[in-house]
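From first to last, the protein sequence lines are chains F and A.
For the first sequence, this note's numbering begins at 92 and goes up steadily by one.
For the second sequence, this note's numbering begins at 92 and goes up steadily by one.
Glycine included, every Cβ here is placed at the ideal spot set by N, Cα and C.
As structure tokens, the structure follows; a few thoughts come after it.
Protein chains: 2
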Amino acid sequence: MKQLLIASTSTIHGSGYLDYLLEDLKVFFKSCKTILFIPYARPGGISHDAYTEKAREAFRKINMDLKGIHEFESAAEAINQAEGIFTGGGNTFVLLNHLYKNKCIEALQDAISSGIPYLGTSAGSNICGLTINTTNDMPIVYPPSFKALAFVPFNINPHYLDPIPDTKHMGETRETRIKEFHAYNSFPVIGLREGSWLEVTDKTIILKGVLDARIFEYGKEPYEIKTETTLQHLK
Amino acid sequence: MKQLLIASTSTIHGSGYLDYLLEDLKVFFKSCKTILFIPYARPGGISHDAYTEKAREAFRKINMDLKGIHEFESAAEAINQAEGIFTGGGNTFVLLNHLYKNKCIEALQDAISSGIPYLGTSAGSNICGLTINTTNDMPIVYPPSFKALAFVPFNINPHYLDPIPDTKHMGETRETRIKEFHAYNSFPVIGLREGSWLEVTDKTIILKGVLDARIFEYGKEPYEIKTETTLQHLK
Chain F
92 MKQLLIASTS TIHGSGYLDY LLEDLKVFFK SCKTILFIPY ARPGGISHDA
142 YTEKAREAFR KINMDLKGIH EFESAAEAIN QAEGIFTGGG NTFVLLNHLY
192 KNKCIEALQD AISSGIPYLG TSAGSNICGL TINTTNDMPI VYPPSFKALA
242 FVPFNINPHY LDPIPDTKHM GETRETRIKE FHAYNSFPVI GLREGSWLEV
292 TDKTIILKGV LDARIFEYGK EPYEIKTETT LQHLK
Chain A
92 MKQLLIASTS TIHGSGYLDY LLEDLKVFFK SCKTILFIPY ARPGGISHDA
142 YTEKAREAFR KINMDLKGIH EFESAAEAIN QAEGIFTGGG NTFVLLNHLY
192 KNKCIEALQD AISSGIPYLG TSAGSNICGL TINTTNDMPI VYPPSFKALA
242 FVPFNINPHY LDPIPDTKHM GETRETRIKE FHAYNSFPVI GLREGSWLEV
292 TDKTIILKGV LDARIFEYGK EPYEIKTETT LQHLK
């Protein structure tokens, strides 16, 4: 039975790394002693070791141990043996590129199909969608494909940002960008605001957290959904 | 003799399309009767025709005609015969993908080497750099490569945005993103604020407009340069 927690961000304004999620993670990972951490997205270019240490500190608060995937000889084998998996945020292109390079895509899909609980934040959530075509990140490396893990039948836009009123900056709003995506792709996109997450249990997908999310479906006006809304209709 | 005008944006806050550049464009394109317009970046997903009409209206103010590249049977041939070229903004991935698909890369490089004046705004400026690894755009299509036209020996970051003070949004700042780029790439990046442009004449590159620009060189702290600074040292 598939079990996923797909979060917009690791950190909400004014609190520590993963703090707002820790109570839920205690329940979500209840069957696990050790979590496998995938630090490939390297936020700010930090090392795999430093990033793993950061995640380890957060999980220590809920008495769970954590091991970095780079500490294993074979990344795919580490995934095969994992009790639970957490992929942290950073750069989505770097993350996906590394997953392809280290032959992790199929291993992750198999693990999640077999019921291993998976937590993603930000870039780690982006890769749960069909493709990374709706990431906000800068394309600092060229991955062999934009196809992602397809754990859910739509795309994610984490850190969803509403238009800033009275801005003088002429860059596109997030909504404009996602509408442009629909000039070339037809699958739905969910804009997850910081503090929201999706809880996936088997075929059930529920919006969690206190905020609304914004849904973009091909050929429709974007619309808001409330927390606790189920999302099975999106595909 | 290479002649380029590489602008951060087509439009500055509170004025019309290209308005802030028109006086300079009159001089820059003085040898041209008709400008070839490349509308491939399709901002907001608009059609090539609609986008070309928008650009045509702006050039009409300085008594120049403009023809869309999509109106020709062969895009490469259109470039070969052009008197002057303007590539408008929109989505950089869509633009570069279309340039590859229509075999325009080499044709553009040849035209610019032979002295045909080229204006780029936003996405049309991004492609003047070595790669599109520093675009701000959403990767809504997968181009065959991120390699760009390499008219200048560094990368461009148009619509450069300073960190927003007191924001509660946890997404990366532009500076953080460009620093992450330097974890994987070593060539310089110029952050061009809206209203700035680069004027390239043969081997001379000068920052124009009233604003400073921000330079990111591998292994150095980012620094500001004043308008009228020359940039030949960047490579």
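Closest residue to residue i among the options (Cα-Cα distance)
| i | options | result |
| --- | --- | --- |
| P130(F) | S122(F), A141(F) and K121(F) | A141(F) |
| W288(A) | N224(A), M92(A) and Y111(A) | Y111(A) |
| E174(A) | H139(A), S101(A) and S205(A) | S205(A) |
| A232(A) | R284(F), N276(F) and E164(F) | Checking the sequence shown, residue 232(A) turns out to be Val, not Ala. It is N276(F) whose Cα lies nearest to the Cα of V232(A). |
| F245(A) | P254(A), T212(A), S216(A) and H260(A) | S216(A) |
| I153(F) | S165(F), V118(F), F177(F) and T143(F) | V118(F) |
| V280(F) | F150(F), L221(F) and Y108(F) | L221(F) |
| T320(F) | E197(F), G310(F) and I296(F) | I296(F) |
| K270(A) | E164(F), M229(F) and I196(F) | M229(F) |
| F128(F) | F278(F), T178(F) and E164(F) | T178(F) |
Presumed contact (8 Å Cβ cut-off) between residue i and residue j, rounded CB distance
| i | j | result |
| --- | --- | --- |
| L240(A) | L199(A) | 6 Å |
| L186(F) | I218(F) | 6 Å |
| G262(A) | H161(F) | With 8 Å as the limit, G262(A) and H161(F) do not qualify as a contact, their Cβ atoms being about 25 Å apart. |
| L210(F) | L322(F) | Contact doesn't hold; Cβ gap of about 18 Å is too wide. |
| L283(A) | N248(A) | 7 Å |
| K145(A) | A167(A) | Not really, about 24 Å apart at Cβ, beyond 8 Å. |
| F242(A) | L95(A) | 6 Å |
For residue i, three-class secondary structure by DSSP
| i | result |
| --- | --- |
| R317(F) | Just to set this straight, residue 317(F) is Lys in the shown sequence, not Arg. Coil at K317(F), not helix or strand. |
| A304(F) | strand |
| N248(F) | strand |
| K192(F) | helix |
| D115(A) | helix |
| G159(F) | strand |
| F184(A) | helix |
| A239(F) | coil |
| S204(A) | helix |
| F128(A) | strand |
| S216(A) | helix |
| I274(A) | Position check: residue 274(A) holds Ala in this sequence, whereas Ile was assumed. A274(A): coil per DSSP, three-state reduction. |
| I255(A) | coil |
| Y309(A) | coil |
| Y209(F) | strand |
| L199(A) | helix |
| A339(F) | This structure does not reach residue 339(F), given that chain F is present from 92 up to 326, and the question cannot be answered. |
| T143(A) | helix |
| G282(A) | strand |
| I223(A) | coil |
| I269(A) | helix |
| E148(A) | helix |
| E263(A) | coil |
| E164(F) | coil |
Alpha carbon of residue i to alpha carbon of residue j, nearest angstrom
| i | j | result |
| --- | --- | --- |
| G180(F) | P134(F) | 7 Å |
| K121(A) | L190(F) | 52 Å |
| K299(A) | E290(A) | 7 Å |
| P308(F) | I137(A) | Just to set this straight, residue 308(F) is Glu in the shown sequence, not Pro. The alpha-carbon atoms of E308(F) and I137(A) are separated by roughly 18 Å. |
| R147(F) | P313(F) | 38 Å |
| P256(A) | I126(F) | 36 Å |
| K259(F) | T100(A) | 12 Å |
| I182(A) | S213(F) | According to the sequence displayed, residue 182(A) carries Asn and not Ile. Cα to Cα, N182(A) sits roughly 22 Å from S213(F). |
| N171(A) | D201(A) | 8 Å |
| A169(F) | E266(F) | 38 Å |
| N224(A) | P234(F) | 12 Å |
| K93(A) | D293(A) | 4 Å |
| I103(A) | L113(A) | 12 Å |
| I176(A) | R268(F) | 26 Å |
| A132(F) | I316(F) | 29 Å |
| F272(F) | N188(A) | 14 Å |
| E285(A) | T318(A) | 13 Å |
| R305(A) | L325(A) | 12 Å |
| G107(A) | F184(F) | 35 Å |
| C123(A) | H139(A) | 22 Å |
| G310(F) | K192(F) | 36 Å |
| I196(F) | I207(A) | 46 Å |
Chain B contact for residue i (CB, 9 Å cutoff)
| i | result |
| --- | --- |
| F184(F) | Absence of chain B from the displayed structure is noted, the protein chains being F and A. |
Note to self: Give me the subset of the segment 237-255 of chain F whose CB atoms are less than 7 Å from a CB atom of chain A, sorted by chain position.
What the structure shows: The residues in question are F237, H250 and L252.
Notebook entry, point to check: When you check each C-beta in the segment 282-295 of chain A against every C-beta of chain F, which residues fall closer than 7 Å?
Noted result: Cβ contacts with chain F: E285.
Note to self: By the 9 Å beta-carbon criterion, what residues does the segment 257-283 of chain F contribute toward chain A?
What the structure shows: Look at the segment 257-283 of chain F: the residues with a C-beta under 9 Å from a C-beta of chain A are T258, K259, H260, M261, G262, E263, R265, T267, R268, I269, K270, E271, F272, H273, A274, Y275 and N276.
Check: Which residues, in order along the segment 210-232 of chain F, keep a beta-carbon less than 8 Å from a beta-carbon of chain A?
Finding: I223, N224, T225, T226, N227, D228, M229, P230, I231 and V232
Checklist line | Chain-ordered residues of the segment 126-159 of chain A with a beta carbon less than 8 Å from chain F | finding: R133, P134, G135 and G136
Check: What residues in the segment 101-116 of chain F have a beta carbon less than 9 Å from any beta carbon of chain A?
Finding: S101, T102, I103, H104 and G105
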